[in-house]
Every structure is written in structure tokens, then in C-alpha cells.
Amino acid sequence: MGILNSNLTVFLILLKLIGVYLLINQTSLAMPVAKPINFQKWIEDNRHLLKPPIGNQVMYKGNDDFIVMVVGGPNSRKDFHYNEGEEFFYQVEGEITLKIVEEGEVKDIKIGPGEMFLLPAGVPHSPRRPANTIGLVMERYRKEGEKDGFIWHCENCGNKLYEEFHEVTDIVNQLPPIMERFWSNPSNTKCDQCGTVMEKG
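Heads up: the sequence shown is residues 0 to 200, going by numbering that gives the first Met the number 0.
See the structure below:
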């Protein structure tokens, strides 16, 4: 009985030590809460990066839920992006045109300085950003198994020309081959309904 009590005491002491160890390590590993950012100053400090060939910068790194990025113009992409999550747009400087596909029809949404817009999940969209425009875009990190879509529509009649869907893990390396597959095949760029040929921007 004495041995049993002794072993139980040792076990309880070990449990307490493990608890203290985990508490100390959890505290030391926890990320400190970041200070607020002066957004306008951040833009001025990074303005040289908010234009081609870079075009955008991620503001926060190492966070869990949201991709927060600032995007500048001009851009020349003509594909529509499909995202299974919502996307939030806040325009800081200049006006952009967010082309969307709703019920099979291409529509234009103008977003000017000081205006915000929440794009519903699953709506194909193509931000057209002129020079001297800057905006904030927020979207969530992808869940496992989610796929992003890259879709091209005829600029004349809106007919779908080509699409690819991929689980994106490295957009920098995954995007160029997708673009190359579309532009390298003439049958992809010619509309089979009205005959219009899409030209690179």
C-alpha cells in the first residue's frame, strides 16, 4: 500500500511538471499580437512594388485565416478567377473594373476610391486595374482539396473559351504553365460562337 501511494505521488508530481512545461512552452511559442499598421504609410513605403512586374504585396505573413494583400495597376491578365471562398475588395486609389460572370453573362462592376465590395464565393471574376490604381484585397487561405479555376471568356460575346481547375499550392510556379497552355493553342483563343480571336493585353 505504501509503494502504491508512493508511485501515485510520483505520478501526480510528473503530471504537474508536464503541465508546467507545456504552459511555459505554449506561452513562449505563442505569436505576440501585432501592432496596428499605418496603411497609408505602408503604401508609400511599398509603392515601388505595387506596379509591374510584381504588382502586389502580402501585408501579413504567418497568420492562419486571411490573405491580406495590396494590389497595384496596371495588369494585363484576361482570365477570370474562380475561388470557392469570398473575396473582399477595398479600393484606395483610382477606379478599377471588376468583371464578373453572373448567370453566364459577363458584367462590369466599378469600384472607385473609398468603395468596398464583397464578392460572393464561386463567382468568376477578373479585376482590370489601370495604371495608378491601388486596392486592398482579402481572401481566405484555401482548405485542403479546394481548387481554384482559371477561365477565359470571349471579349465579344462572353462565350467560355477555356478553363483549368487546380489545387493551388504555389501560384508563382503553377500559373505560368496554365497561361502558356491557353495562349499557345490558337483553338483556345478563337471563339467558336462568334469567331472573335482574343489577343494578349
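Using N, Cα and C, we set each Cβ at its ideal position, and we do this for glycine too.
Exercise. Residue 64 lies in the alpha helix (DSSP H); which residues open and close that run?
Worked result: Within the sequence shown, the letter at position 65 stands for residue 64. Looking at the DSSP string, residue 64 is not in any alpha helix (DSSP H), and its letter there is neither H nor E.
Exercise. Name the DSSP beta bridge partners of residue 125, please?
Worked result: Along the sequence shown, one-based indexing puts residue 125 at 126. 98, per the DSSP bridge assignment.
Problem set entry | Closest by C-alpha distance to residue 192, when choosing among 153, 102, 180 and 40 | Within the sequence shown, numbered from 1, the residue matching residue 192 stands at position 193. It is 153.
Exercise. Rounded to whole angstroms, how far is the Cβ of residue 132 from the Cβ of residue 95, which I believe are closer than 8 Å?
Worked result: On the sequence shown, residue 132 is found 133 positions in, with the first residue counted as 1. On the sequence shown, residue 95 is found 96 positions in, with the first residue counted as 1. That pair is a contact at about 6 Å.
Exercise. My guess is that residue 101 and residue 122 are in contact by the Cβ rule of under 8 Å, so how many angstroms apart are they, rounded?
Worked result: Counting from 1 along the sequence shown, the entry for residue 101 is found at position 102. Counting from 1 along the sequence shown, the entry for residue 122 is found at position 123. Contact holds; Cβ gap of about 7 Å.
For this session: Compute the distance between the beta-carbons of residue 91 and residue 49, then report whether it is under 8 Å.
Result: Counting from 1 along the sequence shown, the entry for residue 91 is found at position 92. Counting from 1 along the sequence shown, the entry for residue 49 is found at position 50. No, Cβ-Cβ distance for residue 91 and residue 49 is not below 8 Å.
Exercise. How about the segment 72-86 and the segment 106-126: do they share at least three Cβ pairs that are nearer than 8 Å?
Worked result: Contact between the segment 72-86 and the segment 106-126 is present, because at least three Cβ pairs lie under 8 Å.
For this session: Count the other CB atoms, across all protein chains shown, that sit within 10 Å of the CB of residue 71; report buried if there are 16 or more and exposed otherwise.
Result: Here residue 71 refers to the residue found at position 72 of the sequence shown. So residue 71 counts as buried.
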